[in-house]
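Following this line, the structure appears as structure tokens:
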């Protein structure tokens, strides 16, 4: 399977500003933030997804990027749940090619390594290499953070798994590139802002979340309002405020201003006991590295 086409100008309708991301410089979140807007942007890392959203809500940052799904690991539920809780708007998306590198201190060889550190999903995506060498995996808060900690600790029996950018930023030597088990590894980030996106003619996605009454057939009836539209994602999530009740998250290929999409959304809003349009925004037209 071939890779998606290279990205064009990521989000030309967005102007440069502070873009918040979760993690340390060199993380895949920072790579998404660097490509979230047109022009040179200042990026700023935060420890958690909630703090990213809060930075945008308070005006500390103009935009924020949150990972919502990975092509291998599936949905990133903490981010998805946060989208239904915040009043922020999704104004775009960035798809990042996740290409892991094995890195160590200068002068360290593969034979010196006994342990390897990274965020747990990155460790899970590189199990073939870790098992081959019998290394002990060490879970860290984020990929770039493991590289930063290695550079500061000076441990010569420890390697880190992170992006090539992280190795460059923290002065580490790359021992191997593209060490992930599966090459088709991409993470989709949503771009959040306090304002709605400006109208554009670019291809759009519309994302919404809704809940329905616990009545036989009612979910099917509500989803039937979307018939004729291309749904690129549909997923149920437990509600955080009510046991055994669920929210449905749906991505539609299309602009909410389009009459056909608008009519379908109106039908969902009429039937649902709760509904929220998270955003209608230009969709990513390629990937970034």
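Numbering (our numbering), first residue to last: 11 to 299. Every residue gets a Cβ at the ideal spot worked out from N, C-alpha and C, and that includes glycine. Note that this is a predicted model, so its numbers are computed, not measured.
Output needed for residue i: all residues of its chain with C-beta closer than 6 Å, excluding positions within five of it in sequence on either side, in chain order.
i: residue 322; result: For residue 322 there is no data in the structure shown, the boundaries of the chain being 11 and 299.
i: residue 179; result: 35 and 36
i: residue 258; result: 220 and 246
i: residue 229; result: 222
i: residue 29; result: 43, 46, 51, 53 and 73
i: residue 287; result: 218
i: residue 188; result: 109
How big is the Cα-Cα spacing for residue i and residue j?
i: residue 190; j: residue 110; result: 6 Å
i: residue 69; j: residue 283; result: 32 Å
i: residue 160; j: residue 289; result: 39 Å
i: residue 53; j: residue 224; result: 44 Å
i: residue 27; j: residue 255; result: 39 Å
i: residue 270; j: residue 95; result: 27 Å
i: residue 136; j: residue 49; result: 34 Å
i: residue 85; j: residue 244; result: 11 Å
i: residue 168; j: residue 194; result: 27 Å
i: residue 253; j: residue 163; result: 45 Å
i: residue 138; j: residue 251; result: 40 Å
i: residue 274; j: residue 130; result: 39 Å
i: residue 58; j: residue 97; result: 18 Å
i: residue 272; j: residue 80; result: 29 Å
i: residue 71; j: residue 265; result: 26 Å
i: residue 226; j: residue 145; result: 51 Å
i: residue 276; j: residue 90; result: 22 Å
Could you round the C-beta distance between residue i and residue j to whole angstroms and report it? I think they count as a contact, below 8 Å.
i: residue 199; j: residue 75; result: 4 Å
i: residue 103; j: residue 294; result: 5 Å
i: residue 125; j: residue 148; result: 5 Å
i: residue 56; j: residue 32; result: 6 Å
i: residue 112; j: residue 171; result: 6 Å
i: residue 207; j: residue 292; result: 7 Å
i: residue 47; j: residue 202; result: Going by Cβ atoms, the distance from residue 47 to residue 202 rounds to 12 Å, so no, they are not a contact pair.
i: residue 236; j: residue 278; result: 7 Å
i: residue 108; j: residue 196; result: 6 Å
i: residue 120; j: residue 185; result: 6 Å
i: residue 173; j: residue 150; result: The pair is not a contact, with the Cβ atoms about 14 Å apart (cut-off 8 Å).
Counting only the same chain and skipping the five closest in sequence on each side, list residues whose C-beta sits under 7 Å from that of residue i.
i: residue 166; result: 115, 118 and 122
i: residue 60; result: 92
i: residue 64; result: none
i: residue 212; result: 292
i: residue 7; result: Beyond the ends of the chain as shown, which are 11 and 299, falls residue 7; an answer cannot be given.
Starting from residue i and walking both ways along the beta strand (DSSP E), at which residues does that stretch end?
i: residue 184; result: 183 to 187
i: residue 289; result: 284 to 292
i: residue 170; result: 168 to 172
i: residue 228; result: Taken as a continuous stretch (DSSP letters only), residue 228 belongs to no beta strand (DSSP E), being part of the alpha helix (DSSP H) at 228 to 234.
i: residue 202; result: 196 to 203
i: residue 150; result: 146 to 150
i: residue 298; result: Segment: none, residue 298 is in no beta strand (DSSP E) and carries neither H nor E.
i: residue 30; result: 28 to 32
i: residue 214; result: 214 to 221
Quick one: give me the first and last residue of the alpha helix (DSSP H) that residue i is part of.
i: residue 156; result: 153 to 163
i: residue 140; result: 137 to 143
i: residue 273; result: 269 to 281
i: residue 253; result: Note, residue 253: premise wrong, no alpha helix (DSSP H); not H, not E.
i: residue 44; result: 38 to 44
Once the 5 residues before and after residue i are set aside, which same chain residues still bring their CB inside 8 Å of it?
i: residue 182; result: 113, 114, 115, 116, 157, 160, 161, 170 and 176
i: residue 267; result: 209 and 290
i: residue 285; result: 218, 219, 220, 221, 278 and 279
i: residue 242; result: 215, 261, 262 and 263
i: residue 205; result: 99 and 101
i: residue 140; result: 126, 133 and 147
i: residue 249; result: 221, 255, 256 and 257
i: residue 12; result: Because residue 12 sits at a pLDDT of 38, beneath the cut-off of 50, its placement in the model cannot be relied upon, and the following sentence gives the value as read from the coordinates. Same-chain partners within the cutoff: there are none.
i: residue 281; result: 222, 228, 231, 232 and 235
i: residue 3; result: Outside the shown range of the chain (11 to 299) lies residue 3, about which nothing can therefore be said.
i: residue 143; result: 120 and 123
i: residue 20; result: Confidence at residue 20 is low in this model, with a pLDDT of 40, below 50, so the placement of that residue should be treated as unreliable; the coordinate-derived value is given next. If we look at residue 20 and ignore the five residues flanking it on each side, its Cβ neighbours are 45, 46, 47, 48, 102, 104, 294 and 298.
- Can you list the beta strand (DSSP E) stretches of 3 or more residues lying completely in the region 55 to 142, in chain order? Qualifying beta strand (DSSP E) stretches, in chain order: 73 to 80, 99 to 107, 111 to 114 and 125 to 129.
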